[in-house]
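J.: Under the working numbering, residues 464 to 1180 are what the sequence shown spells out, in order.
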Amino acid sequence: MLKPEIRIGPRHPRLAAWGYELTRRLGEASLAGRGLHKVSGKFAQAKIAEIRARLQRGETIYIAGLACPGTHNTGVALVEVTQKDGPRLIVNNEEERFSGNKHTNEFPQHALDDMRKVLQQMGRDIGDIAAFVTTWDYPALLAMLIRTSLEEAPASLKLLRAPIAPAINLRQMDQVRRLSRKLGRMYGLGEQVPLICMPHHDNHAWYSFTASPFADRSEPVAIAVLDGTGDVGSISLYVVKNGEMQQLYCNESLFDSLGAFYTVVSSSQGGWTWLSSEGRYMGAAAWGDMNRATNPYYARLKAVLQLGPNGTVALNRAMANWYADPGDNPYRQPLIDILGPPLRPDQLWNPDAVLRVEDIEHRPDTKDRLDKAAATQLVFEDAMIHVIDHLLRFTGTDRLVLTGGVALNALGNMRLLEHFDEAWFERAQQRKTRLHMWIPPVPGDPGVPIGAAWLFAHMAGAPRGAPLSHAFYCGLPPAHADISAALRADDVASIPIGYVSTPEGRDAIADLMAFAVAQGGVIAIYQGAAETGPRALGHRSILANPCDPHVRERLNERVKYREAIRPLAPMATLQSARDYFELEDGASDGDYNAYNYMVLTAHSKPEARDKIPAVVHADGTGRIQIVREAHDPLTYAYLKALGRRIGVEMSVNTSFNVAGPIAQTPAQAIDTLRRSKGLDAVLLVADDGTVYAAWHGGERDSGRFTGWYAAWKQARG
464 MLKPEIRIGP RHPRLAAWGY ELTRRLGEAS LAGRGLHKVS GKFAQAKIAE IRARLQRGET
524 IYIAGLACPG THNTGVALVE VTQKDGPRLI VNNEEERFSG NKHTNEFPQH ALDDMRKVLQ
584 QMGRDIGDIA AFVTTWDYPA LLAMLIRTSL EEAPASLKLL RAPIAPAINL RQMDQVRRLS
644 RKLGRMYGLG EQVPLICMPH HDNHAWYSFT ASPFADRSEP VAIAVLDGTG DVGSISLYVV
704 KNGEMQQLYC NESLFDSLGA FYTVVSSSQG GWTWLSSEGR YMGAAAWGDM NRATNPYYAR
764 LKAVLQLGPN GTVALNRAMA NWYADPGDNP YRQPLIDILG PPLRPDQLWN PDAVLRVEDI
824 EHRPDTKDRL DKAAATQLVF EDAMIHVIDH LLRFTGTDRL VLTGGVALNA LGNMRLLEHF
884 DEAWFERAQQ RKTRLHMWIP PVPGDPGVPI GAAWLFAHMA GAPRGAPLSH AFYCGLPPAH
944 ADISAALRAD DVASIPIGYV STPEGRDAIA DLMAFAVAQG GVIAIYQGAA ETGPRALGHR
1004 SILANPCDPH VRERLNERVK YREAIRPLAP MATLQSARDY FELEDGASDG DYNAYNYMVL
1064 TAHSKPEARD KIPAVVHADG TGRIQIVREA HDPLTYAYLK ALGRRIGVEM SVNTSFNVAG
1124 PIAQTPAQAI DTLRRSKGLD AVLLVADDGT VYAAWHGGER DSGRFTGWYA AWKQARG
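Printed below as a string of structure tokens:
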């Protein structure tokens, strides 16, 4: 095999550095005049001192974290802070849940309106918010974009007018300059609402640490932010000692990035757009050759990421071209020789271009495409392990918080736990331990508004707050009146079926759910405030029988309308998860808290594939969610009832959506039912505990749910 050509680092580092410094200085002055202040500046420091004094007087403070237009997943988080208890999350509203535009980078109007409703229900209003903080350091972000555009000039100048990364839309980012005034006019708070710019990776790191089971430890805790990009770089490493966080390293590069590598390859090889491709491609890897010794592409592909000293990762610019043209021409010839030509932007989502495991019998290239997906996953895992290896050696700790968009790769997360075992620690740290790792429920950018507010509260002297026991929620629980209004649709039938406000009523509803699922039903549960982030965890979930070998095909084809490469997740009680999966000791902190959020896969036990085939992926793993009674009484009661019905306290759980964001409002829930042919019923739980069942009405009524409901009532006497 010929030795691959290698070129790392930009062609014009001095020009790029000059452009960065000039843009940052000019940007800080210009944006401050428009109401956006750096956190180290005079305005922010005065605000921190003011909040510190108010907290010390015993006042309750509110801080809003704002994800602004121009970057994906806009929204707002509201945090309540006291000197006694620290920050408490009130809401984390993703704009996509209200607008229906997935990963939206639009102004978060609906999210802000909903936050105001919450404040008003609490007897407060927007004027009670002590500070608005942003999820990006905008002067630094703008400077980083200029630096990146100059690194490979003239070729890279195209980045100034083309999509540069999934997180960034340059045209819409221009709205940030007017944001302070827009908020002021919206809320009648004067000409400008001052905004304080918080560093993106610091936000990721701080809230992920404080929410983790490790926050009260006296020993050091390592934090790795592995991302598509931040406002300075794409890889940032931290250590927390004695309650204070210190940044150890930032790679100061947008394209020396694990996230950019996976996004570009998964899109240009899999046939999906950015932010839709990554999870699908990870699922596809399971059907490919995941053996480094035999995969036909791995040995050559691994040269695209150069693993250097001290845990550094650098893009081989002799193979990749996404540092100059990530959309139209992301490969150089050596990478084309390995993977073939990239799919063009106009081919994405084309049925003839999208990778479908179903085609493996009649399209000869499908097996090769799956092997390329596996090779991509393997190279990605190598880089993750390389970074974490250095971080653990340098800090001498065995506790790791992993966050950033890269931490959504649940398979890679599992590999870290497997790799850093007792043998590794014996060699590297000469002690008997193993890696203990935690990942937040929202490691990607929808969690950063929380982090910005949480970190700002810490800067003002607030205590950390309690570690996280369950997922963050966004918005308000569904009001009875809103559910009733949504159910008045002509094409939907519905009836009230009970209440969950008492243990007896809750158990009855849970048993009905289990009865329907045991009969082969596919039902959705819509209750309480929705979970923030990409995973539904029992508040906006579609449920089915994990023991049914045909349920995966039915869900993918007739309910979710998605590719067969997408796995279904097992939702389980802790005991059932232990019975059928190998839970890693390294995820055991907080009573296996790390398995609560579908951010970790686990290997299934030998009997699992026969017993629960719907939730065991092609590689024998499952992305587990453990449900606790204290956190979600109705879903837990459903799992216990399902155990009595089918012998397993486990359910299929997939998010309650069809080709769009997870349903947020009752109207969206009914629309999701309307668009899903194979969904038998939706159970909607109002804020007063009333439960309604809704199903397809008129000619679309299959009679399945009404038949099960009648049989269930008769059996209960």
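The beta carbon of each residue, even a glycine, is placed where N, CA and C say it ideally should be.
By Cβ distance below 8 Å, which residues in the same chain neighbour Gly504 in space, the five residues on each side in sequence not counted?
T.: Excluding sequence neighbours, Gly504 sits near Glu491, Ala495.
J.: Since Arg560 contacts Ile1125 with CB under 8 Å, what's their CB separation in whole angstroms?
T.: With a Cβ gap of about 6 Å, Arg560 and Ile1125 count as contacting.
J.: Do you know how far the Cα of Asp694 is from the Cα of Asn1056?
T.: Roughly 30 Å separates the two Cα atoms.
J.: Check whether the stretch 595 to 614 and the stretch 470 to 488 are in contact - that is, three or more C-beta pairs closer than 8 Å.
T.: The stretch 595 to 614 is in contact with the stretch 470 to 488.
J.: Between the Cα of Ala685 and those of Thr860, Ala886, Gly1170, spot the shortest distance and give me the residue it belongs to.
T.: Nearest C-alpha to Ala685: Thr860.
J.: What is the residue span of the alpha helix (DSSP H) that Val728 lies within?
T.: Note, Val728: alpha helix (DSSP H), 721 to 733.
J.: Could you tell me the alpha carbon to alpha carbon distance between Leu518 and Trp917, rounded to whole angstroms?
T.: Going from the Cα of Leu518 to the Cα of Trp917 covers about 14 Å.
J.: DSSP beta-bridge partners for Gln508?
T.: Beta-bridge pairing links Gln508 to no other residue.
J.: Between Arg969 and Tyr989, how many whole angstroms is the CB-CB distance? I'm expecting something under 8 Å.
T.: Not confirmed; about 15 Å, so no contact.
J.: How about Pro793 and Ser731: do their beta carbons lie closer than 8 Å?
T.: A contact, by the Cβ cut-off of 8 Å.
J.: Could you work out which residue in Ser675, Arg641, Gln572 is closest to Ser1051 when comparing CA atoms only?
T.: Residue Ser675 is the option with its Cα nearest to Ser1051.
J.: Looking only at C-alpha atoms, which of Glu967, His899, Tyr1101, Val1090 sits nearest to Gly1049?
T.: The option with the nearest alpha carbon to Gly1049 is His899.
J.: Considering only C-alpha positions, which residue in the set Trp735, Glu558, Leu841, Asp954 is nearest to His1159?
T.: Considering only alpha carbons, the answer is Asp954.
J.: What beta strand (DSSP E) runs, 3 residues minimum, are completely inside the stretch 1091 to 1133?
T.: 1113 to 1118, all fully within the stretch 1091 to 1133.
J.: Cα separation between Gly774 and Lys830?
T.: Answer to the nearest angstrom: the Cα atoms are 33 Å apart.
J.: In three-state DSSP terms, what is Lys830?
T.: DSSP places Lys830 in helix when its eight states are reduced to three.
J.: Is the CB-CB distance between Ala1122 and Tyr1024 below 8 Å?
T.: Yes, the pair counts as a contact, with Cβ atoms nearer than the cut-off.
J.: Per DSSP, what kind of secondary structure is Gly647 in: helix, strand or coil?
T.: Looking at Gly647 - three-state DSSP - the assignment turns out to be helix.
J.: Determine whether the beta carbon atoms of Tyr744 and Glu614 lie at a separation below 8 Å.
T.: Their beta carbons are not under 8 Å apart, which means Tyr744 does not touch Glu614 by this criterion.
J.: So the candidates are Ala593, Thr534, Met661; which of them puts its Cα closest to the Cα of Gly914?
T.: Ranking Ala593, Thr534, Met661 by Cα distance to Gly914 puts Met661 first.
J.: Cα-Cα, which of Pro1076, Asp1082, Gly771 is closest to Ala1065?
T.: For the residues Pro1076, Asp1082, Gly771, the minimum Cα distance to Ala1065 belongs to Asp1082.
J.: Quick one: give me the first and last residue of the beta strand (DSSP E) that Pro959 is part of.
T.: Here the beta strand (DSSP E) through Pro959 covers 955 to 962.
J.: Cβ of Asp752 within 8 Å of Cβ of Asp852?
T.: Cβ atoms of Asp752 and Asp852: not closer than 8 Å.
J.: Under 8 Å by Cβ, that's how I've got Ile592 and Ala923 pegged, so tell me the actual separation to the nearest angstrom.
T.: Ile592 to Ala923, Cβ: 14 Å. No contact.
J.: Give the secondary structure of Gln583 by DSSP, where H, G and I count as helix, E and B as strand, and everything else as coil.
T.: Note: Gln583 maps to helix in three-state DSSP.
J.: Of the residues Arg1015, Ala934, Gly1053, which one's Cα is nearest the Cα of His1094?
T.: Comparing Cα-Cα distances from His1094 to each of Arg1015, Ala934, Gly1053, the minimum goes to Ala934.
J.: Give the single residue among Asp679, Arg640, Arg587, Trp901 whose Cα lies nearest to the Cα of Gly448.
T.: One cannot answer for residue 448 here, as it falls past the ends of the chain, which runs 464 to 1180.
J.: Hey, would you say Tyr1043 sits closer than 8 Å to Lys1074, going by beta carbons?
T.: Cβ atoms of Tyr1043 and Lys1074: closer than 8 Å.
J.: Between the Cα of Asn779 and the Cα atoms of Ala756, Asp845, Arg795, which residue gives the shortest distance?
T.: The option with the nearest alpha carbon to Asn779 is Arg795.
J.: So Thr1249 packs on Ala1032, CB below 8 Å; how close in whole Å?
T.: No answer is possible for residue 1249: it lies beyond the span of the chain, which begins at 464 and ends at 1180.
J.: With a cut-off of 8 Å, do at least 3 Cβ pairs link the stretch 759 to 766 to the stretch 707 to 717?
T.: Flag = no, the stretch 759 to 766 and the stretch 707 to 717 do not touch.
J.: Taking Cβ positions, are Tyr601 and Val639 nearer each other than 8 Å?
T.: Their beta carbons are under 8 Å apart, which means Tyr601 touches Val639 by this criterion.
J.: Could you spell out the range, first to last residue, of the beta strand (DSSP E) harbouring Ala530?
T.: From DSSP, the beta strand (DSSP E) with Ala530 extends over 524 to 530.
J.: Would you say Ala979 and Gln840 are within 8 Å of each other, going by their C-beta atoms?
T.: No. Outside cutoff.
J.: Can you name, in chain order, every residue of its own chain whose Cβ lies under 7 Å from the Cβ of Pro1096, other than the five neighbours on each side?
T.: The residues are Arg969.
J.: Tell me the rounded alpha-carbon separation between Thr1187 and Leu575.
T.: A question about residue 1187 goes unanswered here, because the residues of the chain that appear run from 464 up to 1180.
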